[in-house]
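Accompanying notes for the structure given below.
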Amino acid sequence: MKSLAFTVFRRLILGLPTLAGVVIVSFVLTHLLPGDPAVYFAGAAPTPEAIADLRKSLLLDRPLWEQFLAYLGHLAHGDLGRSLVTGQPVLSDLYTRLPATLELTLTALALAILIAVPLGVLAALSKGSVVDHVCRVFSTTALSMPSFFTSLLLVFVFYYALGVSPAPLGRVDPMAFPVTERTGFVVVDSVLAADWSSLRDGVAHILLPATALALSGIGPLMRITRGAMLGILSSDFMRAARSYDMSRWKVVYVYALRNALLPVLTTAGFVFSFLISANVVIEKVFSWPGIGSYALEALVASDYAAVQGFVLAVATVYVLTNIFIDILYGLVDVRVRLAG
Amino acid sequence: MALTATLQFGLRRDVLTSTVLAFIVIICVVAVFGPFLAGHDPLATDPANALRPPTWVNPCGTDQVGRDICTRIIFATRLDLFISIGSVLIALIFGSLIGAFAGFFGGPVDRLAMWLVDTIMAFPLFLLAMAIVAALGNSLANIIYATALVNIPFYARTVRAEIAQRREAGFVDAARISGNGPFRILARHLFPTTIPQLVVQMTLTMGWAILNAASLSFIGLGIRPPTPEWGIMVAEGASFIVTGEWWVALFPGLALVAVVLSLNLLGDGLRDMVDARDRR
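So the sequences go chain by chain: U and R. The first sequence: position 53 = 53 (our numbering), numbered continuously. Start counting at 1 in the second sequence, then tack on 340, and there's your number in our numbering.
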């Protein structure tokens with residue numbers, strides 16, 4: 001059996017070619033963006049000299065490969081460049097905005113799992129019945145709803161019609177006294193500060209966007225749970241467990257579900273990365289101050305550095321998630337751990 | 341042909357799938373002939389009648405400049421289906437070519453093809469489509485290319501798996517002994533066996549392609565107003581949701597969901613039929 005540290009190290013190395021590909025592709029793609037950042041940067045009435053100076057300082061007058069080498073050099077020092085729109089280093093922009101995106105995505109993922117796994121188990125236990133068909137139509141419907149449309153429906157019902165949700169304008173009430181920032185997660189920070197009114201405010205703001213986002217992840221999670229449960233329930237060791245006259249509850253929820261969770265875990269990783277890109281749309285609807293809305297503004301302004309930084313950040317999160325899932329897999333499944 | 345028989349047999353037994361298929365046929369008829377039957381001009385503004393709730397004259401209400409929303413939804417059907425069919429066909433052609441060669445020849449060809457596919461898959465797909473449209477420009481063709489590119493991996497994988505599995509089959513040997521070259525075997529004997537799975541894949545990705553294109557338009561990286569397109573129409577209605585003019589966004593959104601949902605249900609139903617046939 002190999003040590004956990006070795007497994008982690010090997011997985012990190014295996015993730016490197018993917019990241020390298022992402023760096024190259026994002027560099028090339030962002031340099032195809034229309035518009036000249038020098039002109040954008042130079043202000044309202046630029047002189048040709050000012051533009052030429054800016055082009056020089058942004059290295060835009062150099063060949064593409066030189067720009068790429070310079071970019072790699074900066075990247076090695078953790079320098080992602082400076083955003084044209086905010087004027088701040090991209091790294092610090094991403095750093096301040098990433099918690100908002102992660103809080104939203106993780107809440108949505110948790111919601112999706114909490115809804116999808118029980119429904120998937122239910123569908124598997126009543127295979128072919130009305131319940132199974134209702135679950136199937138529900139998961140297909142959730143998969144077919146564009147997240148921007150779900151968001152708008154939720155805003156209409158819960159903000160306009162019922163008036164129970166706050167306006168879809170960000171993470172917190174702008175009038176309220178902000179909670180001390182520790183983790184950057186509003187909900188967690190409020191709990192840490194024992195500030196219950198902030199907690200209520202934070203939860204109220206995140207509920208609608210997280211629900212809209214969660215709906216787009218429910219379909220695949222539910223299908224995988226159902227399929228995995230069906231496979232496990234018809235396996236030999238389940239027959240053995242039943243023949244020992246164990247309680248149905250214990251057989252289904254302890255032995256079967258535990259084994260069925262492995263494919264669910266893999267799908268959860270896939271859904272997480274899908275949700276991060278679906279975030280762009282949700283953040284626009286709810287004016288959520290995350291990296292998705294940041295990237296959208298950057299794309300419109302041909303802000304190379306910001307777009308590259310965003311793509312790189314998302315791809316890194318994506319690769320790290322896959323590694324994390326692999327390691328978790330090893331911890332949960334004894335067979336994988338022994339095989340090393 | 342065996343596939344047609346499977347479908348006829350399956351559709352007769354599966355009421356949901358055959359109903360959905362009928363609905364999709366109606367949608368296609370609307371896409372082709374709807375613009376001739378619609379009562380209004382999709383671009384004609386009428387400020388005096390702006391933001392009217394649904395009435396008999398305007399069954400889905402009017403938008404912020406008084407255009408008839410129902411007419412715009414009908415006109416948009418053609419555009420959205422065109423984007424979806426166009427991108428799925430491009431993805432189908434390139435994806436199955438890559439997959440077929442990878443599955444049939446194996447070795448370095450296979451490794452190169454799968455590296456390509458994995459590189460595309462390493463990106464969150466919607467972000468990749470977003471970046472491509474932003475880089476190449478907001479045009480109809482670029483939306484179709486971007487949507488096609490992010491769909492290629494799914495076709496390549498499906499076809500590769502199907503062909504690699506039958507590469508050593510007896511009928512392939514028989515074809516080879518009868519003097520067929522490798523390309524002829526691939527095109528005439530192996531590729532046709534992947535068609536059932538490809539049909540399933542196409543149905544499912546068509547729905548996804550519509551969602552993708554509409555989402556691009558919604559964030560402002562796709563079709564531009566005033567062209568009628570479902571995503572754009574929902575985006576235009578978004579600001580009226582908080583003031584209570586729900587019909588501007590609701591009806592185009594419902595049209596979008598209805599079409600995507602039926603494509604997904606059809607794809608699921610077809611997959612069950614094809615899987616059942618494969619097991620027999």
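Note that beta-carbon positions come from the ideal geometry of N, C-alpha and C, so glycine has one too. As the structure is a prediction and not an experimental result, all values here were calculated from the model.
Nearest neighbour of residue i, chosen from the options [CA to CA]
{"i": "U/N322", "options": "U/L94, U/T266, U/L257 and U/M246", "result": "U/T266"}
{"i": "U/P263", "options": "U/T47, U/E66, U/I224 and U/S277", "result": "U/I224"}
{"i": "U/G269", "options": "U/P220, U/P99, U/L91 and U/S234", "result": "U/P220"}
{"i": "R/G443", "options": "R/I460, R/V499, R/V473 and R/V457", "result": "R/V499"}
{"i": "R/G477", "options": "U/K127, U/L207 and U/T30", "result": "U/T30"}
{"i": "U/V164", "options": "U/G170, U/H205 and U/L125", "result": "U/H205"}
{"i": "U/T180", "options": "U/G170, U/D195, U/R171 and U/P166", "result": "U/D195"}
{"i": "R/V449", "options": "R/V370, R/G426, R/P536 and R/A504", "result": "R/A504"}
{"i": "U/Q88", "options": "U/A315, U/D303, U/T7 and U/T316", "result": "U/D303"}
Within 9 angstroms, strictly: CB atoms of residue i and residue j
{"i": "R/T533", "j": "R/E502", "result": "yes"}
{"i": "U/G217", "j": "U/A112", "result": "yes"}
{"i": "R/I483", "j": "R/A431", "result": "no"}
{"i": "U/A228", "j": "U/I115", "result": "no"}
{"i": "U/A123", "j": "U/R226", "result": "yes"}
{"i": "U/A241", "j": "U/V251", "result": "yes"}
{"i": "U/S198", "j": "U/V186", "result": "yes"}
{"i": "R/V397", "j": "R/A488", "result": "no"}
{"i": "U/V285", "j": "U/S144", "result": "no"}
{"i": "R/R497", "j": "R/G447", "result": "no"}
{"i": "U/V155", "j": "U/P168", "result": "yes"}
{"i": "R/G560", "j": "U/V300", "result": "yes"}
{"i": "R/V360", "j": "R/L606", "result": "yes"}
{"i": "R/L437", "j": "R/T543", "result": "no"}
{"i": "U/Y253", "j": "U/V121", "result": "yes"}
{"i": "R/F422", "j": "R/A378", "result": "no"}
{"i": "U/P146", "j": "R/V588", "result": "no"}
{"i": "U/F9", "j": "U/Y71", "result": "no"}
{"i": "U/G78", "j": "U/G309", "result": "no"}
{"i": "U/P99", "j": "U/T183", "result": "yes"}
{"i": "U/V281", "j": "R/S579", "result": "no"}
{"i": "U/T363", "j": "U/A315", "result": "Nothing about residue 363 of chain U can be read from this structure; chain U reaches only from 1 to 340."}
Neighbour list for residue i in chain U, Cβ cutoff strictly below 8 angstroms
{"i": "R/A471", "result": "S26, L29, T30, L299, V307 and V311"}
{"i": "R/N604", "result": "T140, L143 and S144"}
{"i": "R/I624", "result": "Residue coverage of chain R in this structure runs from 341 to 620, which leaves residue 624 of chain R outside it and unanswerable."}
{"i": "R/G401", "result": "Neighbours of R/G401 on chain U: none; closest Cβ ~14 angstroms, over 8 angstroms."}
{"i": "R/A578", "result": "F148, L152 and V285"}
{"i": "R/G593", "result": "P146, F149, L152 and L153"}
Amino acids of chain U, ordered along the chain, whose beta-carbon sits closer than 7 angstroms to that of residue i
{"i": "R/S555", "result": "P146, F148 and V281"}
{"i": "R/F558", "result": "F148 and V281"}
{"i": "R/D354", "result": "Within 7 angstroms Cβ-Cβ: nothing; R/D354 doesn't reach chain U, min ~12 angstroms."}
Residue span of the alpha helix (DSSP H) that contains residue i, given as start and end
{"i": "U/V130", "result": "V130 to S144"}
{"i": "R/Q404", "result": "Note, R/Q404: premise wrong, no alpha helix (DSSP H); not H, not E."}
{"i": "U/G81", "result": "Counting along the chain, U/G81 falls outside any alpha helix (DSSP H), and DSSP gives it neither H nor E."}
{"i": "R/S424", "result": "I409 to F445"}
{"i": "U/G73", "result": "L64 to A76"}
{"i": "R/L468", "result": "L465 to L476"}
{"i": "U/R223", "result": "W196 to L233"}
{"i": "R/P566", "result": "Careful: R/P566 lies outside any alpha helix (DSSP H) and carries neither H nor E."}
{"i": "R/Y622", "result": "What is shown of chain R runs 341 to 620, which leaves residue 622 of chain R out entirely."}
{"i": "U/V251", "result": "That residue, U/V251, is in no alpha helix (DSSP H); it is neither H nor E in DSSP."}
{"i": "R/R516", "result": "G510 to I517"}
{"i": "U/I115", "result": "V90 to L125"}
{"i": "U/D236", "result": "D236 to S243"}
{"i": "R/T328", "result": "Past the boundaries of the shown model lies residue 328 of chain R; chain R is included only from 341 to 620, so the question cannot be answered."}
{"i": "R/I367", "result": "V355 to L377"}
{"i": "R/G577", "result": "W570 to I581"}
Expected contact under 8 angstroms - CB spacing of residue i and residue j to nearest Å
{"i": "R/I367", "j": "R/T402", "result": "That belief does not hold up - the Cβ atoms of R/I367 and R/T402 are roughly 23 angstroms apart, past 8 angstroms."}
{"i": "U/W288", "j": "U/P209", "result": "6 angstroms"}
{"i": "R/W570", "j": "R/D408", "result": "Going by Cβ atoms, the distance from R/W570 to R/D408 rounds to 15 angstroms, so no, they are not a contact pair."}
{"i": "U/A306", "j": "U/V85", "result": "7 angstroms"}
{"i": "U/D15", "j": "R/T459", "result": "Note that residue 15 of chain U is Gly in the sequence shown here, rather than Asp. About 13 angstroms separates the two Cβ atoms, so there is no contact after all."}
{"i": "R/A553", "j": "R/G562", "result": "6 angstroms"}
{"i": "U/V311", "j": "R/L467", "result": "7 angstroms"}
{"i": "R/L603", "j": "R/I433", "result": "About 20 angstroms; that fails the 8 angstroms criterion."}
Residue i CB to nearest heavy atom of the ligand COA below 8 angstroms
{"i": "R/T359", "result": "This structure simply doesn't include the ligand COA, nor any ligand for that matter."}
Proximal residues of chain R, C-beta to C-beta of residue i below 8 angstroms
{"i": "U/I113", "result": "What U/I113 touches in chain R: nothing, since even the nearest Cβ is about 19 angstroms away."}
{"i": "U/Y304", "result": "The contacting residues do not exist; U/Y304 stays about 11 angstroms from chain R at best."}
Contact list for residue i against chain U, beta-carbon separation under 9 angstroms
{"i": "R/W587", "result": "Those within 9 angstroms of R/W587 in chain U number zero; the least Cβ separation is about 11 angstroms."}
{"i": "R/F466", "result": "F274, S277, A278, V280 and V281"}
Contact set between residue i and chain R, taken where Cβ atoms lie within less than 9 angstroms
{"i": "U/V22", "result": "T459, A462 and F463"}
Neighbouring residues, chain R, relative to residue i (Cβ below 7 angstroms)
{"i": "U/V314", "result": "P464 and L467"}
(request) With 7 angstroms as the limit, tell me which residues of the segment 477-490 of chain R have their beta carbon closer than that to any beta carbon of chain A; keep them in chain order. (result) As a matter of chain content, chain A is missing from the structure shown, whose protein chains are U and R.
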